[in-house]
Structure formats: C-alpha cells, structure tokens
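Heads up, the thing below is written out as structure tokens.
Protein chains: 2
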Amino acid sequence: MTLSVINAGRGAASASDEERWARLAWSRLAEPQTEEVTAWLRRHGPVEALARLRAGSLDPTGRYDQRLESLDIDSARRSLDRLEVRVVIPGDDDWPEGVEQLANPPICLYVRGRGGLGLVEGGVAVVGSRAATPYGLTIATELGEGLAARGIGVVSGAAFGIDAAAHRGALAAGGPTVSVLARGLDRAYPAAHDGLLRDIAEHGAVVSELPLGWAPFRHRFLARNRLIAAMTAGTVVVEAGLRSGSLNTARTAAALGRHVAAVPGPVTSVQSAGCHELIRETGASLVTDTAEVVDLVGRLSFDAAAPARAPSSAEAELDPVAHAVWSAIPLRRGADLAALQRLTAVDTPTLLSVLGRLGAVGLVRRDQDRWRKVLPD
Amino acid sequence: MTLSVINAGRGAASASDEERWARLAWSRLAEPQTEEVTAWLRRHGPVEALARLRAGSLDPTGRYDQRLESLDIDSARRSLDRLEVRVVIPGDDDWPEGVEQLANPPICLYVRGRGGLGLVEGGVAVVGSRAATPYGLTIATELGEGLAARGIGVVSGAAFGIDAAAHRGALAAGGPTVSVLARGLDRAYPAAHDGLLRDIAEHGAVVSELPLGWAPFRHRFLARNRLIAAMTAGTVVVEAGLRSGSLNTARTAAALGRHVAAVPGPVTSVQSAGCHELIRETGASLVTDTAEVVDLVGRLSFDAAAPARAPSSAEAELDPVAHAVWSAIPLRRGADLAALQRLTAVDTPTLLSVLGRLGAVGLVRRDQDRWRKVLPD
Numbered sequence: 057m058t059l060s061v062i063n064a065g066r067g068a069a070s071a072s073d074e075e076r077w078a079r080l081a082w083s084r085l086a087e088p089q090t091e092e093v094t095a096w097l098r099r100h101g102p103v104e105a106l107a108r109l110r111a112g113s114l115d116p117t118g119r120y121d122q123r124l125e126s127l128d129i130d131s132a133r134r135s136l137d138r139l140e141v142r143v144v145i146p147g148d149d150d151w152p153e154g155v156e157q158l159a160n161p162p163i164c165l166y167v168r169g170r171g172g173l174g175l176v177e178g179g180v181a182v183v184g185s186r187a188a189t190p191y192g193l194t195i196a197t198e199l200g201e202g203l204a205a206r207g208i209g210v211v212s213g214a215a216f217g218i219d220a221a222a223h224r225g226a227l228a229a230g231g232p233t234v235s236v237l238a239r240g241l242d243r244a245y246p247a248a249h250d251g252l253l254r255d256i257a258e259h260g261a262v263v264s265e266l267p268l269g270w271a272p273f274r275h276r277f278l279a280r281n282r283l284i285a286a287m288t289a290g291t292v293v294v295e296a297g298l299r300s301g302s303l304n305t306a307r308t309a310a311a312l313g314r315h316v317a318a319v320p321g322p323v324t325s326v327q328s329a330g331c332h333e334l335i336r337e338t339g340a341s342l343v344t345d346t347a348e349v350v351d352l353v354g355r356l357s358f359d360a361a362a363p364a365r366a367p368s369s370a371e372a373e374l375d376p377v378a379h380a381v382w383s384a385i386p387l388r389r390g391a392d393l394a395a396l397q398r399l400t401a402v403d404t405p406t407l408l409s410v411l412g413r414l415g416a417v418g419l420v421r422r423d424q425d426r427w428r429k430v431l432p433d
Numbered sequence: 057m058t059l060s061v062i063n064a065g066r067g068a069a070s071a072s073d074e075e076r077w078a079r080l081a082w083s084r085l086a087e088p089q090t091e092e093v094t095a096w097l098r099r100h101g102p103v104e105a106l107a108r109l110r111a112g113s114l115d116p117t118g119r120y121d122q123r124l125e126s127l128d129i130d131s132a133r134r135s136l137d138r139l140e141v142r143v144v145i146p147g148d149d150d151w152p153e154g155v156e157q158l159a160n161p162p163i164c165l166y167v168r169g170r171g172g173l174g175l176v177e178g179g180v181a182v183v184g185s186r187a188a189t190p191y192g193l194t195i196a197t198e199l200g201e202g203l204a205a206r207g208i209g210v211v212s213g214a215a216f217g218i219d220a221a222a223h224r225g226a227l228a229a230g231g232p233t234v235s236v237l238a239r240g241l242d243r244a245y246p247a248a249h250d251g252l253l254r255d256i257a258e259h260g261a262v263v264s265e266l267p268l269g270w271a272p273f274r275h276r277f278l279a280r281n282r283l284i285a286a287m288t289a290g291t292v293v294v295e296a297g298l299r300s301g302s303l304n305t306a307r308t309a310a311a312l313g314r315h316v317a318a319v320p321g322p323v324t325s326v327q328s329a330g331c332h333e334l335i336r337e338t339g340a341s342l343v344t345d346t347a348e349v350v351d352l353v354g355r356l357s358f359d360a361a362a363p364a365r366a367p368s369s370a371e372a373e374l375d376p377v378a379h380a381v382w383s384a385i386p387l388r389r390g391a392d393l394a395a396l397q398r399l400t401a402v403d404t405p406t407l408l409s410v411l412g413r414l415g416a417v418g419l420v421r422r423d424q425d426r427w428r429k430v431l432p433d
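From first to last, the protein sequence lines stand for chains A and B. Count along the first sequence from 1, add 56, and you get the number used in the working numbering. Count along the second sequence from 1, add 56, and you get the number used in the working numbering.
Structure below.
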C-alpha cells in the first residue's frame, strides 16, 4: 500500500493502524466533545464502534448516516500524507496522556511538525489576550524565550497577541513550541500567521483535533482551549480582559489539577484585569518571570521559587553562560550534573568549568553530588 | 492650674491626669519598645513605676538617672499646649486599642489635629515606597480618595511618594486621614511636607509616640511602622521595592492578624517587586481598587469583594452621587439605610431619592430594610 508513509505505524510504541483509521473516521463523523461518541469509543473501542455504526446497530437516530456515507478514508489519508500531517492516537509514543483526564478526550490528534507531540509533556501553556498591550507582548515573548531556553515546551494557540508572542519568544530561543489550532491543519489560522505556523512546525509542532478542512467556529475555540490546558503541566495567563477566552483555558487547567498562574500588570490596564481576577478569586499563582513559572510547574520537583531579591554584584558580573547556569540551579535543593545539563543544555566540560568558576567567586557550593546556590544573607 | 487646657481630662472616658503625666514622663525617659519599661508599666502602672524609679528602687543600673534629672514635666506640658498637642493614653476615648496587641505598645501618643485619634478605628494604612512611580502615585491617590469618601480613615506616614499621595487623596475627598510620624510633633517630617501635615491636622490628626524635639532615627522609623500596622484594620502596600520599609509595616500587620493587601503593577517595575513578593510569598491579598480594599477590611462585616466585571451600561450612565451610592452597596449582603449613610455620607432624603432612582433602572432592589445590588448575569 503506497498510502501513509507519514502515518505508517512506528514499531512497538505505536497503536495499531486499524485503530488509527477508525479514529480518523470517527473524528470526521462527530464534533469534538460529543458525549455519546466518547461513551461508544470507551465501551466498544473505535474499530468495533465503527463497525456497529456501519451495521446500524449503534445509533438508532441515524444522525451520523450522512457523514458516514460521504466518508472517504483513503482520500483523507492521501491529503494528510500530502500535507505531512500525522494522526496521533492513544497508545502512540507521543500521545499526550494529560488529555485522557478530559471528560471528552480528543478522538485523535492531527500533528504537523518536526518536533512531534512529545514536546508538550511537562510543557507550559502561555496564553492570553488577542488585544494585548506592548507590556503583555514583551512579557509573553520573554516567558516563551525563557521557557524554551530551559527546554520546556511552550504551548499556545497561535492567535494574535499573547499567543503569537509566546511562540515567537520560544522560536527566538530555538526552542520547542507547540501550537494547538481550532481548525483543520490544511490552512493557517489566523491566515496572517501562515509564516509563524511554518516556523513552529519547523521547530516544534502544530496540532488540532479537527480534520483537514474543518473551519474554526466558536465552540471549537473552547474545545481547543481545553486541549491546551490538558496537554500541559501548567497554564500561565499573561494578559487577559475579563471576558478573554484564556480565562477559560485557565479554569480548565485548574479543574484538571494543573498549575495556573497569571502575570500581574497595572491595575489601570483592562488587559490585566482578568489576570488579577484569576489571582484574587481563583487562587492562581502570581508569577513575574520565567524562574517562577519553572518552579511552579515543578520541573525536577523543586518546590519553591527563589524569593525575589535585589541583584548581587557578583551575580551581575557573570558572563551569559555562567549566568544561565547559576540561574538554573534550583534554590532549595540544588541540582546534580545531569539535572543541570537538562536545564541548561550546556556541555559537560563547559558546565564543570562554569561551576568551578561560580564556586571560586562564592556563588555556588558543591555538596556531595549536588551544586547549590550560595545566597546573600 | 493654668497648664494643659489642651490636655485637661475630658470626663468619664478619659484616663486620670496623674497617669497621663506619668506616661508623658516615661515617654521622655525611654526609647519606644524598651522591654524593661514595658514590663515595669505593666507590673506597677506608670505612676507607681515612676515613683519607684525616682526612689531608686526600680532600676539598679541607674541608666535612666540622667534623663530623670533633666525631666521637666511642666515645661513639656507648656510646649504641648502651645503646639496644641494632646497626650492620649490607654483609657482615653480615642486610644487606639489595636496598639495594645504590640509586644511593646506606645507609652502614650502625642496627637495634633481636629479629627482626633478615633479616626483610625477601622481605618486602613496605605503605605509604600518613597521612590514611587507616577503609576503608584496615581493608585495611592485614588485609594486614599476612595477610602476617605467612604468615611474610612486613611493612615500613613507622610513620607514622600506613596504616603503623601494617599494622604492627599484623602484630603481631596475632604475625608479623614491620620499621619504617624517618626519624630516629635514640634517639626514637620519631612520638612517639605509642613503644609501637607497642617492640612492633615485640619482634617484628621498627626500622631507620634515620640516626645517633642525627638529626631527621626532609623529604629524610630521601624517603631513608627509598627504603630501604623497596629492602629489600623488593614495595610495596603501600593508600591514597594524589595527593601522598602513598607514591607516591614505589612509584615507587622500580618503578624498582628490584620488584613494585608498589595496592589500589583508591571512586573518590569522594581517598585512593584515588593508588592508581588508580598502576594506570592506571604499570601497578601491582591487588590486593584477601593472597593476591594473596603471589602477586605470587612467594614460592616462584608465578606467578599464584588467580582471584577465589565462595566454595565446602566451603571456607566449614573451621576456621581448615584454612582457613589451604588458603589457603596456591598455585594453579598446589601446594606440598610444607616449603613449606607455611614458609607456614603449622603443625607437621608438624597439617599432615599437616589435609591429610588437606582431601583427604577434595575440596579438595586429593596429587600425588607436592606438595599441590594442587582448584578448582571
């Protein structure tokens, strides 16, 4: 079969192709979050459920008949191959386990990009208003850049404003970023972000639960937001008016037990009002920089952010690599060499040399196999 | 005796003059927060303790002898009368009961001003950085004005920056404001705020625990900050760098079980870093406007701030008096006429007329003897 070079099964960690095409079929038959479909897939599995639907023994109402008749799996697969879009389903290596916590998980996920979906594991959603201010755009870019520089996937929705700034920040760091769209992957949305989405696919992934050709409707944005919340370890809202959809993402994240944080801003800015409401009313964490976000989402299980403090002079004089290493050392527990490598992506000889220098100027100390920050009193 | 027209006892609710002059003497003998003096006053009372000190039976070290020899109570009382400074002590009507919670309460309080010290009961401390930004000054002025307009005493330290802005906002509303100084009341501190302090005395009070002539030293600022925290129902920090003394006021307020709140600002502003740290690390409440502060300090025991919401058109069309009345109605419980009068300082006929109009446009409803807000869904 010449079909599906892109979508061929990939060894032990891939789910069966039979199930893959059954899920592709189901994703073309039903809207996301259709409860009866969720129930059928759970009860019978997608292959058996599809067989029963075709046999007329599953749905007495006949409401899927029309879409079932026009369903052309082979044609759909050819389009996916042409656009280099993979179909990722439960059981695949890079299926994001977090989405299984949703009342109605996605039936499958359409993915384009070199990075693949594995990037979202431990990733952080950076979301916010389309009508962002220069302040919000600056902060979103810095957070995207800072997270990506630490190897943490930056997940967002590619919308105008905060979303795009977060993606661009991550791209600037050459780091992983994943965009979740509210339409099929045949077109960019918004269209003006066609180039941005290409760059994201180059360095990460563009994802949707919607089949090719499906357009963005209001309820599909809400469905998309739940995916962003569920895929990630935490959601940070950078700027949001009181009716921003990003508050919806934050609420879903909180309901799923994910970390929720918001960036404060001037109380005179309507674009920060939603952030302040999140902190006041829902107990979202107030975060002011990347380090606080990293500590919040518990990377390497560190349990506290470094308290804000006035910069020390020794710290201010470090070169960029040394500063990055110093910044990456978690406050309370320190880190061992392997952890520091993961956090900094600095090679071992350089890392050891930098740690030696930091030790010499009294900024770190070695404690058996761990390095710890020495903080001013 | 022609002395002390200002400081004559004022009937049943005033403490005895004998105790008053003994406390005045003690305040001139010891620095604020001297633990052994606190203990002596508690054990013997100020009159007996002073007699024992004079008899040489209280303090074997003799460390108070020099000040005791130069002590001239009559001269001190003449200066106080000339400057119209009262000595307020425990048992007086307007002694702020909150200060008794301190490990070392003030021995007495020197007070100048028409308003008297009773204003601080249920009052709110609005404090912050000397090096405030235009943003912080604007917010502090608005909070001072908003609180005073509701009849809530605005307590601060008359320093440059946030303190002065809060006082000025309160004065602009013609409302009560109290300034607590870190020096004796014979001079303005800072000197540039001489006019401001006169205005504060005209509409409220200027207070110190330090005798006339005593200069502001560092530890006296810290002592002053504890008074601001202890006198008030809550402390709001508007802007604070990471080493601002206002954080010290906030910590004292928290330790005394007072409400502590902070105003967020841009994360790029060092003058908001202390506020963000308070919210992040100590659980201070994030507040964005006067209504949130009022609800926080529990005036009339209201227990929740109105959730932030997009402005409704009916509300936006109200005249200033109607808007003030509408804003003053607590969200959950509403308020009766007496409470609304206290909150708004609007006379009864006007208040009833305004409530009638608000009812007619559907913004309030009457529920037996209470008026409640009708909120948009």
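Even for Gly, the Cβ is constructed at its ideal location relative to N, Cα and C.
Exercise for the section: Quickly, what does DSSP pair Arg168 of chain A with across the bridge? List them, please. Expected result: A:Val262
Exercise for the section: Just the C-alpha distance for Pro246 of chain B and Ile385 of chain B, rounded to the nearest angstrom, thanks. Expected result: 38 Å
Handout entry: Reduced DSSP category for Asp121 of chain A - H, G, I as helix; E, B as strand; rest coil
Key = helix
Handout entry: the segment 234–241 of chain A in contact with the segment 263–276 of chain A per 3-pair CB rule at 8 Å
Key = yes
Practice task
Tell me, please, whether the segment 317–337 of chain A touches the segment 285–303 of chain A by the rule of three or more beta-carbon pairs shorter than 8 Å.
Solution key: yes
Handout entry: Neighbourhood of Ser83 of chain B by C-beta distance below 6 Å, restricted to the same chain and skipping five residues each side
Key = Ile163, Cys164, Pro267
Handout entry: Beta-carbon proximity of Val353 of chain A to Val180 of chain A, cut-off 8 Å
Key = yes
Problem - Residue burial classification, Glu201 of chain A (beta-carbon count within 10 angstroms, cutoff 16) - result: buried
Exercise for the section: Could you spell out where the beta strand (DSSP E) holding His315 of chain A opens and where it closes? Expected result: 315–318
Problem - Of the residues B:Ala86, B:Ser72, B:Arg76, B:Gln424, the one placed nearest Gly118 of chain B, counting alpha carbons only - result: B:Ala86
Practice task
For Thr291 of chain A, count neighbouring Cβ atoms within 10 angstroms of its own Cβ and tell me buried if that reaches 16, exposed if not.
Solution key: buried
Problem - Sequence-distant residues of the same chain with beta carbon closer than 7 Å to Ala340 of chain B, five excluded per side - result: Ala306, Val316, Ala317, Ala318, Leu334
Exercise for the section: For the alpha helix (DSSP H) holding Val93 of chain A, just list the boundary residues, first then last. Expected result: 91–100
Problem - Leu342 of chain A: contacting residues in chain B (beta-carbon distance under 8 Å) - result: Pro320, His332, Ile335, Arg336, Leu342
Handout entry: Member of B:Arg110, B:Ala286, B:Ala311 whose CA lies at the smallest distance from the CA of Trp151 of chain B
Key = B:Ala286
Problem - Nearest residue (CA-CA) to Arg170 of chain B, options B:Gly231, B:Leu114, B:Asn160 - result: B:Gly231
Problem - chain B contacts made by the segment 194–218 of chain A, where a contact means CB separation under 7 Å - result: Ile195
Practice task
Please say whether Asp219 of chain B and Val183 of chain B have beta carbons closer to each other than 8 Å?
Solution key: yes
Handout entry: Residue-chain proximity (Val323 of chain B, chain A), Cβ-Cβ < 8 Å
Key = yes
Exercise for the section: Determine which residues of the segment 166–192 of chain B have a Cβ less than 9 Å from any Cβ of chain A, and write them out in chain order. Expected result: Tyr191
Practice task
Check the Cβ of Asp345 of chain B against every Cβ in chain A and list those closer than 9 Å, keeping chain order.
Solution key: Val323
Practice task
Quick one: grab the DSSP three-state call for Arg282 of chain A.
Solution key: helix
Exercise for the section: Compute the Euclidean distance between the alpha carbons of Ser135 of chain B and Ala188 of chain B, then round it to the nearest angstrom. Expected result: 36 Å
Practice task
Could you check which residue in B:Arg99, B:Arg110, B:Ala214, B:Arg254 has the C-alpha nearest to that of Val141 of chain B?
Solution key: B:Arg254
Exercise for the section: Would you tell me roughly how many angstroms separate the C-alpha atoms of Ala71 of chain A and Gly147 of chain A, rounded to the nearest one? Expected result: 5 Å
Practice task
Taking the CB atoms as reference points, tell me whether Ala391 of chain A and Leu414 of chain A lie closer together than 8 Å.
Solution key: no
Problem - 8 Å contact criterion, which Leu199 of chain B and His223 of chain B should meet: CB distance rounded - result: Actually they are not in contact, since the Cβ atoms of Leu199 of chain B and His223 of chain B sit about 11 Å apart, beyond 8 Å.
Problem - Within-8 Å CB hit, Lys429 of chain A to chain B - result: no
Practice task
Output the distance between the C-alpha atoms of Val210 of chain A and Ala221 of chain A, rounded to the nearest integer angstrom.
Solution key: 11 Å
Handout entry: Beta bridge counterpart(s) of Gly290 of chain B as assigned by DSSP
Key = B:Val180, B:His315
Problem - Option in B:Ala310, B:Ile195, B:Ile208 with minimal Cα separation from Leu173 of chain B - result: B:Ile208
Practice task
Label Glu153 of chain B either buried or exposed according to how many other C-beta atoms from any shown protein chain fall within 10 Å of its C-beta, with 16 as the threshold for buried.
Solution key: exposed
Practice task
Given a cut-off of 8 Å, decide if Arg421 of chain B and Val410 of chain B are closer than it, judged by their beta-carbon atoms.
Solution key: no
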